[in-house]
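Trainee:
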Amino acid sequence: MAKVKRTLILNVDRDDDIGSKTGMRTPLIGRDVLIEAGKRLLLNDPEDPDGNALFAAVKVYDTYSPDEGEEKEVAAISGSPKGGVEADKKMVRELEEVLKRFPADNIILVTDGYSDSEILPVIASRIPISSIRHVVVKHSRSVEETYAIIGRYLKMIWREAPYRQYALGIPGIILVIVGLLHLLNLTREGIIAGMLIVGGAMIVKGFGIDEYVMQLRKGPIEEVIRLFAYIATGFTFTIGTYIAFLKVSGLPEYGVVVRYPERIWAYGAYIIGTFLQPFFLTLLVSTFIYAIGMLLYNFFSEVRRHTLRYLFMMLISAVIYIIGEEAALILINPMHGITRLLLCIGIGLSVLFTAITLSYIFMRIRRE
Numbered sequence: 039m040a041k042v043k044r045t046l047i048l049n050v051d052r053d054d055d056i057g058s059k060t061g062m063r064t065p066l067i068g069r070d071v072l073i074e075a076g077k078r079l080l081l082n083d084p085e086d087p088d089g090n091a092l093f094a095a096v097k098v099y100d101t102y103s104p105d106e107g108e109e110k111e112v113a114a115i116s117g118s119p120k121g122g123v124e125a126d127k128k129m130v131r132e133l134e135e136v137l138k139r140f141p142a143d144n145i146i147l148v149t150d151g152y153s154d155s156e157i158l159p160v161i162a163s164r165i166p167i168s169s170i171r172h173v174v175v176k177h178s179r180s181v182e183e184t185y186a187i188i189g190r191y192l193k194m195i196w197r198e199a200p201y202r203q204y205a206l207g208i209p210g211i212i213l214v215i216v217g218l219l220h221l222l223n224l225t226r227e228g229i230i231a232g233m234l235i236v237g238g239a240m241i242v243k244g245f246g247i248d249e250y251v252m253q254l255r256k257g258p259i260e261e262v263i264r265l266f267a268y269i270a271t272g273f274t275f276t277i278g279t280y281i282a283f284l285k286v287s288g289l290p291e292y293g294v295v296v297r298y299p300e301r302i303w304a305y306g307a308y309i310i311g312t313f314l315q316p317f318f319l320t321l322l323v324s325t326f327i328y329a330i331g332m333l334l335y336n337f338f339s340e341v342r343r344h345t346l347r348y349l350f351m352m353l354i355s356a357v358i359y360i361i362g363e364e365a366a367l368i369l370i371n372p373m374h375g376i377t378r379l380l381l382c383i384g385i386g387l388s389v390l391f392t393a394i395t396l397s398y399i400f401m402r403i404r405r406e
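Right under this line is the structure:
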């Protein structure tokens, strides 16, 4: 005896508008039951496309011409207003219940279209889909999709941790800080603090610093060393430059220039020299921290690339510091003379030339 072919016309309502707006429990099986559900749904909410999808399933059922010996049936299943896994589980459960009562070997799927990406994998994993019919209600499909996308993003912002932190957490911190400072009559400082928080969050997210730090927890020690080198270098340079500025801003000559800009020609050299002394020291220390950190990174990661580069970086920064220190002393006190400056320049260039020559010879020997 030949196996009877059975085709099921299936309407899927993933957010369960049928149950919430009509009071009818799914699954619904049979033409008359679907028509009754469609009437109730549209009477309750005339703009709901799910009601039209029910009638579309009935129309497909009426117009579908089965082959000889083939049976057909129409049914509707639903998910859950909560969406996600709960909706998928409910759809699977109701689909299996329908298939027990009408063991179809293929289905014609009828949906309103916007949630097909969630529905199709669930249905196709249980039974072959021979055809898909999208019900497009005039002037409403784009609106339905827009609402769905907006709702999806709002749920994502509210529930998922990475988005929740930036969309809700940071604005919440800013509002609390600004509110507290406003109570203390420090509104201006509150606005500045809010800008700093937003800017910091944008930098962290924009450059992927948060992801990098999370990877460090599982990563090797050399990555921690490299991160420490970056942070320590930036911190040292920033603090050192600020200290140099504080040293200059405390000078009486600086106050005179601020009040009388034309005096810059009289005190400018002294002010610049006073700034350059701690600045060149800051540059030297920052460079050494960075170079030593990267050398340690190369050592622990067993990477020997750019080793000479970091050694040269340290050497050049030392030469710049010595020459810059002498130049700063001349700017502060022209009577200091340029003899030592010229001597430092000569020695520095000689050291650099010797280092470059030795490095070139070493690389030639290594290649041979």
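Position in the sequence shown counted from 1, then plus 38, gives you the numbering used here.
Note that the Cβ used here is the ideal one computed from N, Cα and C, for glycine as well.
1) Taking A142 as the reference, which of I167, Q203, I394 and V130 has the closest Cα?
2) For M39, collect the residues of the same chain with a Cβ closer than 7 Å to its Cβ; drop the 5 residues on either side in sequence, then sort them by chain order.
3) So what does N144 bridge to, in DSSP terms?
4) Return helix, strand or coil for T149, following the three-state DSSP convention.
5) Within this structure, are the beta carbons of D51 and A91 separated by less than 9 Å?
6) Go through the region 49-96 residue by residue and report every complete run of the alpha helix (DSSP H) that reaches 4 residues or more, in order.
7) For I269, tell me which candidate among I302, V286 and M332 has the shortest Cα-Cα distance.
8) Report yes if the CB atom of L219 is closer than 9 Å to the CB atom of T225, and no otherwise.
9) Apart from the five residues just before and just after K59, which ones in its own chain have a Cβ nearer than 8 Å to its Cβ?
10) Which term fits A304, buried or exposed, when burial requires 16 or more other beta carbons within 10 angstroms of its beta carbon?
11) For a minimum of 4 consecutive residues, which ranges assigned as the alpha helix (DSSP H) are wholly contained in the region 205-236?
12) Helix, strand or coil: which one does DSSP assign to V112?
13) Answer yes if the region 357-370 comes into contact with the region 306-320, meaning at least three C-beta pairs across the two stretches below 8 Å, and no otherwise.
14) Counting C-beta neighbours from all protein chains within 10 Å, is the total for M240 16 or more, i.e. buried, or is it exposed?
15) Would DSSP call S169 helix, strand or coil?
16) When you compare each of F273, G89, R264 and T312 to S287 by their alpha carbons, which one comes out closest?
17) Please state if the CB of L314 and the CB of A356 are separated by a distance shorter than 9 Å.
Mentor: The relevant details are as follows:
1) Taking the first residue of the sequence shown as position 1, residue 142 is located at position 104. Checking every option, the nearest Cα to that of A142 belongs to I167.
2) By 1-based counting over the sequence shown, the position of residue 39 is 1. Confidence at M39 is low in this model, with a pLDDT of 46, below 50, so the placement of that residue is unreliable and no value is reported for it.
3) In the sequence shown, counting from the first residue as 1, residue 144 sits at position 106. Answer is T45.
4) Numbered from its first residue, the sequence shown carries residue 149 at position 111. Strand.
5) Translated into the one-based positions of the sequence shown, residue 51 becomes position 13. Translated into the one-based positions of the sequence shown, residue 91 becomes position 53. In contact: D51 and A91 (Cβ atoms closer than 9 Å).
6) 55-60 and 69-82
7) Start at 1 with the first residue of the sequence shown, and residue 269 comes out as number 231. It is M332 whose Cα lies nearest to the Cα of I269.
8) Stepping through the sequence shown from its first residue, residue 219 is reached at position 181. Stepping through the sequence shown from its first residue, residue 225 is reached at position 187. For L219 and T225, yes; Cβs fall inside 9 Å.
9) Along the sequence shown, one-based indexing puts residue 59 at 21. Only R78, L79, N82, D83 and D86 meet the Cβ criterion.
10) Position 266 of the sequence shown holds residue 304. So A304 counts as exposed.
11) 208-221
12) Translated into positions along the sequence shown, residue 112 becomes position 74. If DSSP states are grouped into helix, strand and coil, V112 belongs with the strands.
13) yes
14) In the sequence shown, residue 240 corresponds to position 202, counting from 1. Exposed: under 16 other Cβ atoms inside 10 Å.
15) Counted from its first residue, the sequence shown places residue 169 at position 131. Residue state, collapsed to three classes: strand.
16) In the sequence shown, residue 287 corresponds to position 249, counting from 1. With distances taken between Cα atoms, S287 lies closest to T312.
17) Within the sequence shown, numbered from 1, the residue matching residue 356 stands at position 318. Within the sequence shown, numbered from 1, the residue matching residue 314 stands at position 276. No.
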